[in-house]
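**Q** Numbering of the sequence shown is given in the numbering used here, commencing with residue 7 and proceeding in unit increments.
Quick reminder that beta carbons are idealized off the backbone N, C-alpha and C, glycines included.
Before anything else, here's the structure in question.
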Amino acid sequence: MYGMEKRRLIPLQPHFKDMTTLVLYASLTGNTKAVAEYIAEKTNGVAMDIKNAPNDLSEYDTVIFGSRVHAGGVSKPMQRYIGENYDILLQKKVAYYLCCMFTGDKAEKQMASAAASLGIFNGTYFVAGKKLAADGKQIDEFIAKLDSIGIGDMI
């Protein structure tokens with residue numbers, strides 16, 4: 007799942023045992039996908055490429071969007087999907103993450119731009135997603151913060 011790295015057992019976060027989580031991602035180099043698969047495994051959820059996103063989100067309590075940053079922007083199909091499903095997403099816990107090349111001010115600017123284009127303001131960014139998925143600590147911190155998101159707290 008994460009390339010050639012050894013797979014390790016990942017304990018479920020206790021609060022996700024009774025919830026259903028969908029992680030939709032747009033990935034070019036595999037970093038965003040690796041993070042999505044890690045989050046899905048950790049939350050007992052499902053990771054899915056945005057190209058195969060379900061039409062019906064009723065079975066999911068939490069929806070997480072992961073996008074690569076290309077030319078300073080997030081995935082257009084993801085933006086479209088969120089726009090088409092915005093009303094139903096307002097009835098869910100929703101967050102996003104970016105896999106980007108930068109940290110600091112440049113990453114924060116990309117986060118602000120992504121939040122505005124996605125209409126979701128609960129998010130974070132990761133650099134080197136494949137390596138992070140092998141370690142997990144930074145992603146685990148993001149997952150732990152999902153508990154504080156209320157239903158409809160996208161904006």
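Does the pairing of the segment 129 to 144 with the segment 81 to 91 give three or more beta-carbon distances under 8 angstroms?
**A** No contact exists between the segment 129 to 144 and the segment 81 to 91.
**Q** Taking three-plus beta-carbon pairs below 8 angstroms as touching, is the segment 32 to 41 in contact with the segment 58 to 69?
**A** The segment 32 to 41 is not in contact with the segment 58 to 69.
**Q** For the beta strand (DSSP E) holding S64, just list the boundary residues, first then last.
**A** Reading the sequence shown from its first residue, position 58 is the one you call residue 64. That residue, S64, is in no beta strand (DSSP E); it is neither H nor E in DSSP.
**Q** If we count the other Cβ atoms within 10 Å of its Cβ and call it buried at 16 or more, is I16 buried or exposed?
**A** One-based indexing of the sequence shown puts residue 16 at position 10. Any reading at I16 must be qualified, since the residue scores a pLDDT of 37, below 50, and its modelled position is unreliable; no value is offered.
**Q** Express the C-alpha separation of Y103 and S73 in angstroms, rounding to a whole number.
**A** Working through the sequence shown from its first residue, we reach residue 73 at position 67. Working through the sequence shown from its first residue, we reach residue 103 at position 97. About 7 angstroms.
**Q** Beta-carbon within less than 6 angstroms of D79's beta-carbon, same chain only, minus the 5 sequence neighbours each way: which residues are those?
**A** As a first step, residue 79 must be located in the sequence shown, where it is residue number 73. It should be noted that the sequence gives Gly, not Asp, for residue 79. No residues qualify anywhere along the chain.
**Q** Check V75 in the structure and name its three-state DSSP category.
**A** Residue mapping note: residue 75 aligns to position 69 of the sequence shown, counting from 1. Three-state result, V75: coil.
**Q** For A150, which three-state DSSP category applies?
**A** As a first step, residue 150 is located in the sequence shown; it is residue number 144 there, counting from the start. Helix.
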